[in-house]
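Residue numbers (the numbering used here), protein chains in the order written: chain A, 34 to 485; chain B, 34 to 485.
Ideal placement from N, C-alpha and C gives every residue a C-beta, glycine not left out.
Notes for the one structure printed next.
2 protein chains.
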Amino acid sequence: MSNEKIVPKTLSGMMELLPKEQLKFEQIKSTLEEVYRLYGFLPLDTPVLEASSVLLAKAGGETEKQIYRFAKGDNDMTMRFDLTVPLAKYVAKNAGELSFPFRRYQIGKVYRGERAQKGRFREFYQADIDIIGDGKLSVLNDAEIPSMIYDIFTRLGLDDFTIRINNRKILNGFYEILSLSDKSQDIMRTVDKIEKIGKEKVIAELQLLEIEKEDCEKITDFIASTSNNSEAFDKLDMYLGKNEQYDLGVSELKTVIESIAMFGVPEKNYRVDLSIARGLDYYTGTVYETTFNRHPEIGSICSGGRYDELASFYTDRHLPGVGISIGLTRLFYILSEMNYIDEAYVAPCDVMILPMIEDTSYIIGLSAKLRRMGIKTQISTEGGKMKSRLNYANRLGIPFVIFVGEDEIASGNITLKNMESGAQAQFEVDKAAEQIITYVNGKKAAKIINLK
Amino acid sequence: MSNEKIVPKTLSGMMELLPKEQLKFEQIKSTLEEVYRLYGFLPLDTPVLEASSVLLAKAGGETEKQIYRFAKGDNDMTMRFDLTVPLAKYVAKNAGELSFPFRRYQIGKVYRGERAQKGRFREFYQADIDIIGDGKLSVLNDAEIPSMIYDIFTRLGLDDFTIRINNRKILNGFYEILSLSDKSQDIMRTVDKIEKIGKEKVIAELQLLEIEKEDCEKITDFIASTSNNSEAFDKLDMYLGKNEQYDLGVSELKTVIESIAMFGVPEKNYRVDLSIARGLDYYTGTVYETTFNRHPEIGSICSGGRYDELASFYTDRHLPGVGISIGLTRLFYILSEMNYIDEAYVAPCDVMILPMIEDTSYIIGLSAKLRRMGIKTQISTEGGKMKSRLNYANRLGIPFVIFVGEDEIASGNITLKNMESGAQAQFEVDKAAEQIITYVNGKKAAKIINLK
Numbered sequence: 034m035s036n037e038k039i040v041p042k043t044l045s046g047m048m049e050l051l052p053k054e055q056l057k058f059e060q061i062k063s064t065l066e067e068v069y070r071l072y073g074f075l076p077l078d079t080p081v082l083e084a085s086s087v088l089l090a091k092a093g094g095e096t097e098k099q100i101y102r103f104a105k106g107d108n109d110m111t112m113r114f115d116l117t118v119p120l121a122k123y124v125a126k127n128a129g130e131l132s133f134p135f136r137r138y139q140i141g142k143v144y145r146g147e148r149a150q151k152g153r154f155r156e157f158y159q160a161d162i163d164i165i166g167d168g169k170l171s172v173l174n175d176a177e178i179p180s181m182i183y184d185i186f187t188r189l190g191l192d193d194f195t196i197r198i199n200n201r202k203i204l205n206g207f208y209e210i211l212s213l214s215d216k217s218q219d220i221m222r223t224v225d226k227i228e229k230i231g232k233e234k235v236i237a238e239l240q241l242l243e244i245e246k247e248d249c250e251k252i253t254d255f256i257a258s259t260s261n262n263s264e265a266f267d268k269l270d271m272y273l274g275k276n277e278q279y280d281l282g283v284s285e286l287k288t289v290i291e292s293i294a295m296f297g298v299p300e301k302n303y304r305v306d307l308s309i310a311r312g313l314d315y316y317t318g319t320v321y322e323t324t325f326n327r328h329p330e331i332g333s334i335c336s337g338g339r340y341d342e343l344a345s346f347y348t349d350r351h352l353p354g355v356g357i358s359i360g361l362t363r364l365f366y367i368l369s370e371m372n373y374i375d376e377a378y379v380a381p382c383d384v385m386i387l388p389m390i391e392d393t394s395y396i397i398g399l400s401a402k403l404r405r406m407g408i409k410t411q412i413s414t415e416g417g418k419m420k421s422r423l424n425y426a427n428r429l430g431i432p433f434v435i436f437v438g439e440d441e442i443a444s445g446n447i448t449l450k451n452m453e454s455g456a457q458a459q460f461e462v463d464k465a466a467e468q469i470i471t472y473v474n475g476k477k478a479a480k481i482i483n484l485k
Numbered sequence: 034m035s036n037e038k039i040v041p042k043t044l045s046g047m048m049e050l051l052p053k054e055q056l057k058f059e060q061i062k063s064t065l066e067e068v069y070r071l072y073g074f075l076p077l078d079t080p081v082l083e084a085s086s087v088l089l090a091k092a093g094g095e096t097e098k099q100i101y102r103f104a105k106g107d108n109d110m111t112m113r114f115d116l117t118v119p120l121a122k123y124v125a126k127n128a129g130e131l132s133f134p135f136r137r138y139q140i141g142k143v144y145r146g147e148r149a150q151k152g153r154f155r156e157f158y159q160a161d162i163d164i165i166g167d168g169k170l171s172v173l174n175d176a177e178i179p180s181m182i183y184d185i186f187t188r189l190g191l192d193d194f195t196i197r198i199n200n201r202k203i204l205n206g207f208y209e210i211l212s213l214s215d216k217s218q219d220i221m222r223t224v225d226k227i228e229k230i231g232k233e234k235v236i237a238e239l240q241l242l243e244i245e246k247e248d249c250e251k252i253t254d255f256i257a258s259t260s261n262n263s264e265a266f267d268k269l270d271m272y273l274g275k276n277e278q279y280d281l282g283v284s285e286l287k288t289v290i291e292s293i294a295m296f297g298v299p300e301k302n303y304r305v306d307l308s309i310a311r312g313l314d315y316y317t318g319t320v321y322e323t324t325f326n327r328h329p330e331i332g333s334i335c336s337g338g339r340y341d342e343l344a345s346f347y348t349d350r351h352l353p354g355v356g357i358s359i360g361l362t363r364l365f366y367i368l369s370e371m372n373y374i375d376e377a378y379v380a381p382c383d384v385m386i387l388p389m390i391e392d393t394s395y396i397i398g399l400s401a402k403l404r405r406m407g408i409k410t411q412i413s414t415e416g417g418k419m420k421s422r423l424n425y426a427n428r429l430g431i432p433f434v435i436f437v438g439e440d441e442i443a444s445g446n447i448t449l450k451n452m453e454s455g456a457q458a459q460f461e462v463d464k465a466a467e468q469i470i471t472y473v474n475g476k477k478a479a480k481i482i483n484l485k
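So this is what it looks like as structure tokens:
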């Protein structure tokens with residue numbers, strides 16, 4: 034074998050975590066899955082590779098530049114760049130076999146060949162939930178989705194967030210009322226900058242679009258934030274009766290906001306925000322963004338909305354839906370950078386058994402017994418000095434070590450060492466197991482994220 | 034928008050499941066993860082895309098033909114074709130940060146551009162576990178890994194299997210004793226066919242390799258199956274003292290077999306099988322294969338072994354390990370084809386709430402309450418006829434429906450319908466929840482696989 038070694042590098046833009054970080058990531062991912070399942074969502078797992086003709090049915094310009102596309106044999110293939118297009122394909126393909134409303138979640142890796150830079154990923158997890166109706170879908174679903182997001186974030190310990198909600202019908206109707214529909218895309222792009230550049234500069238830019246000063250004021254007043262939801266509805270009520278679409282949007286938004294409260298979400302965690310529009314063309318009703326109150330600079334960590342046609346590129350069937358997406362890799366990266374996940378329980382196992390004798394039969398039996406009790410157990414197999422073996426447990430953050438020697442085998446008890454406190458004493462196996470379980474349950478009940 | 038639709042097809046060779054099948058798959062996957070974690074294995078998640086130079090360090094011929102490789106910008110990239118090479122890269126790259134023995138599992142998709150045919154996949158899950166030592170690794174680990182496999186298969190309900198165990202040192206030593214080392218690769222390839230073509234034909238083929246008739250007999254006698262492990266060791270003992278490697282192999286195999294018993298694995302589920310060699314060159318000690326007793330034609334569903342050098346292409350560091358891999362997609366495909374997973378609990382939720390009134394506030398509160406109790410709950414949101422709404426629950430296999438109408442709201446009770454028995458009665462919410470939980474716990478405790 035040659036002695037020339039190949040450098041074991043990982044491609045840039047790929048998140049590859051060390052064990053402790055990986056365990057934190059897994060815990061966040063499991064929390065998402067647990068809540069998704071509680072709400073009756075089905076896990077879905079579509080291929081990473083799809084036919085380019087299918088995946089790029091709808092794509093254009095920017096998307097095409099960023100994709101990973103290649104040919105093999107007769108196949109022109111593309112790695113999925115989101116989970117929405119594969120969902121559309123799946124639902125169109127299997128519509129006859131599915132029951133609607135079809136509620137699915139998918140947590141999977143997607144690929145975008147973006148320019149690599151800190152905090153930008155080329156392979157990253159998205160966690161999507163969508164509810165797809167057949168021809169129609171009640172607006173109650175638009176309220177259930179942010180309620181799930183609330184459940185997820187609070188379970189994680191991340192309670193200082195705001196789900197911002199708007200309705201595209203309101204925006205479309207509003208610009209119709211002002212006879213500015215033809216400019217609405219440009220207007221939305223401009224007003225989106227209001228938090229960065231301020232109201233005066235936005236008005237100046239709007240005037241460049243040949244919009245009357247008076248209308249510019251109306252627009253910036255309309256999208257300006259309100260101190261609470263009831264104030265927002267007061268403002269919305271002022272334009273009622275002038276435009277059908279607008280009125281419908283306001284009515285939908287009212288239902289959504291009222292229903293979210295019924296789901297038990299505290300008012301501090303959701304807010305009507307008439308400045309939210311979402312870039313994507315295909316949202317047609319409710320739209321959501323979610324921000325950390327203490328880190329608005331991050332932008333939205335969880336966005337989505339209501340769309341009328343999920344799969345119009347594949348089928349004539351009218352499939353409206355509502356969904357939301359969490360950029361899980363990016364969210365994890367941000368939380369880690371801010372040291373918000375430092376206190377998570379990241380031991381690979383709950384206890385390590387350290388034999389002080391040659392005979393392994395008692396040790397092996399003990400490991401089997403502890404595992405049957407649900408205790409994550411590892412046997413220290415490599416011998417060596419006691420100190421280095423305890424160091425191993427310490428480095429991995431294993432909270433307990435069990436010693437078994439002649440004494441222990443004779444008495445049938447074991448010696449349990451709490452690695453945190455250093456306390457060490459003999460116990461019956463069941464009593465030791467109880468202590469371990471109590472400790473671990475405490476760790477599991479603790480929130481993973483700890484805002485500082 | 035154009036009316037020409039794109040056919041929503043999925044590429045051939047990709048497993049894409051309908052909801053019920055997906056739920057079965059997820060349950061099997063979770064069982065694997067649960068047991069891996071109980072044994073103190075860390076989850077690892079390496080990128081699907083790696084630099085071609087890294088991934089193909091060791092590959093040649095067949096592998097290169099089957100891979101998905103492409104360039105984007107300055108990067109020459111390949112989709113991983115197994116989880117072992119990425120593990121080697123990871124361990125070599127991060128050796129300074131890891132604690133050894135390093136115990137990791139990875140369940141992930143891998144890619145091979147094989148010719149598409151029934152039961153062959155181009156994108157499929159592998160579920161790998163490996164224990165990597167730094168310079169050395171106790172043979173006790175070689176026993177722990179098949180014990181985990183036993184735990185996994187029995188938890189799933191698949192108890193009619195045999196883990197076949199051999200040791201490459203025994204085979205290498207044996208062929209040295211016969212002075213046939215230079216022909217050992219050819220011999221192993223030939224004797225591998227013994228179950229298909231029979232002993233006589235194997236001997237005939239061996240003679241073509243210019244091996245004396247007497248040696249051919251010795252070889253076929255040696256690899257012939259024995260009725261139990263003690264008989265196998267009697268046969269192994271006959272050659273002891275002639276070759277150091279052989280003796281070491283026998284001693285390792287004895288330790289492994291004895292330790293597996295200590296882990297509580299019944300003797301019917303593991304067996305010394307001297308015909309097992311494993312194709313890969315890099316196994317150097319213990320080797321495993323696992324077969325269904327009633328379906329030997331499937332071949333091994335779980336294979337692996339001990340290797341001396343995990344990462345010699347990337348580092349001089351001596352990293353011996355032992356591991357095993359389950360071809361999860363293929364296993365699932367086989368179990369499904371045989372209708373062995375038909376009775377799994379595959380409801381997307383445990384209960385559907387069916388409102389018979391307009392006002393949703395009570396319904397929403399009830400859904401939140403049930404979910405807090407851990408009951409997977411869905412609200413029927415779309416209205417329509419009672420019959421079609423119950424059909425929806427039936428098609429999805431949802432076991433309970435709760436009706437809420439004026440009566441129920443007035444009394445504070447709900448009407449619970451058991452969809453299986455058709456029984457329907459009014460209960461307090463807590464009593465209804467209890468019934469649902471009892472039913473679901475029963476379903477969860479049942480094994481997923483039911484051999485017929």
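Residue environment, residue i, which counts as buried when at least 16 other CB atoms sit within 10 Å
i, result
"residue 43(B)", "buried"
"residue 111(A)", "buried"
"residue 145(A)", "buried"
"residue 67(A)", "exposed"
"residue 471(B)", "exposed"
"residue 34(B)", "The predicted model places residue 34(B) with a pLDDT of 46, which falls under 50 and marks its position as unreliable; any figure quoted below should be read in that light. When all chains shown are included, residue 34(B) counts as exposed."
"residue 458(B)", "exposed"
"residue 198(A)", "buried"
DSSP bridge partner residues for residue i (one or two, in chain order)
i, result
"residue 68(B)", "None, per the DSSP bridge assignment."
"residue 388(B)", "437(B)"
"residue 321(B)", "198(B), 337(B)"
For residue i, the three-state DSSP class (helix, strand or coil)
i, result
"residue 135(B)", "strand"
"residue 194(B)", "strand"
"residue 381(B)", "coil"
"residue 272(A)", "coil"
"residue 53(A)", "helix"
"residue 103(A)", "strand"
"residue 454(B)", "coil"
"residue 34(A)", "Because residue 34(A) sits at a pLDDT of 46, beneath the cut-off of 50, its placement in the model cannot be relied upon, and the point is left open."
"residue 108(A)", "strand"
"residue 218(B)", "helix"
"residue 128(B)", "helix"
"residue 303(A)", "strand"
Proximity test, Cβ basis, 8 angstroms: residue i and chain C
i, result
"residue 127(B)", "No chain C is present in this structure, whose protein chains are A and B."
Extent of the continuous beta strand (DSSP E) run through residue i
i, result
"residue 249(A)", "Unbroken run through residue 249(A) is the alpha helix (DSSP H), 246-256; no beta strand (DSSP E)."
"residue 163(A)", "156-165"
"residue 422(B)", "Run containing residue 422(B): none in the beta strand (DSSP E); it sits in the alpha helix (DSSP H), 419-429."
Range of the contiguous alpha helix (DSSP H) that encloses residue i
i, result
"residue 398(A)", "394-405"
"residue 91(B)", "Residue 91(B) -> no alpha helix (DSSP H), and no H or E assigned at all."
* Asked: Closer than 8 angstroms, Cβ to any Cβ of chain A: which residues of the region 339-352 of chain B, in chain order?
  -> 344, 345, 346, 347, 348, 349
* Select from the region 66-89 of chain B all residues with a C-beta closer than 8 angstroms to any C-beta belonging to chain A, and list them in chain order. => 70, 71, 72, 73, 74, 75, 76, 77, 78, 79, 80, 81, 82, 83, 84, 86, 87
* Select from the region 261-294 of chain A all residues with a C-beta closer than 8 angstroms to any C-beta belonging to chain B, and list them in chain order. => 292
* Asked: What residues in the region 422-444 of chain B bring their beta carbon closer than 7 angstroms to a beta carbon of chain A?
  -> 425, 428, 429
* To do: Select from the region 293-311 of chain A all residues with a C-beta closer than 7 angstroms to any C-beta belonging to chain B, and list them in chain order.
  => 295, 296, 297
* What residues in the region 351-366 of chain B bring their beta carbon closer than 8 angstroms to a beta carbon of chain A? -> none
* Listed from N- to C-terminal order along the chain, which residues in the region 368-401 of chain B have their beta-carbon within a distance smaller than 7 angstroms of any beta-carbon of chain A? -> 381, 382, 393, 394, 397, 398, 401
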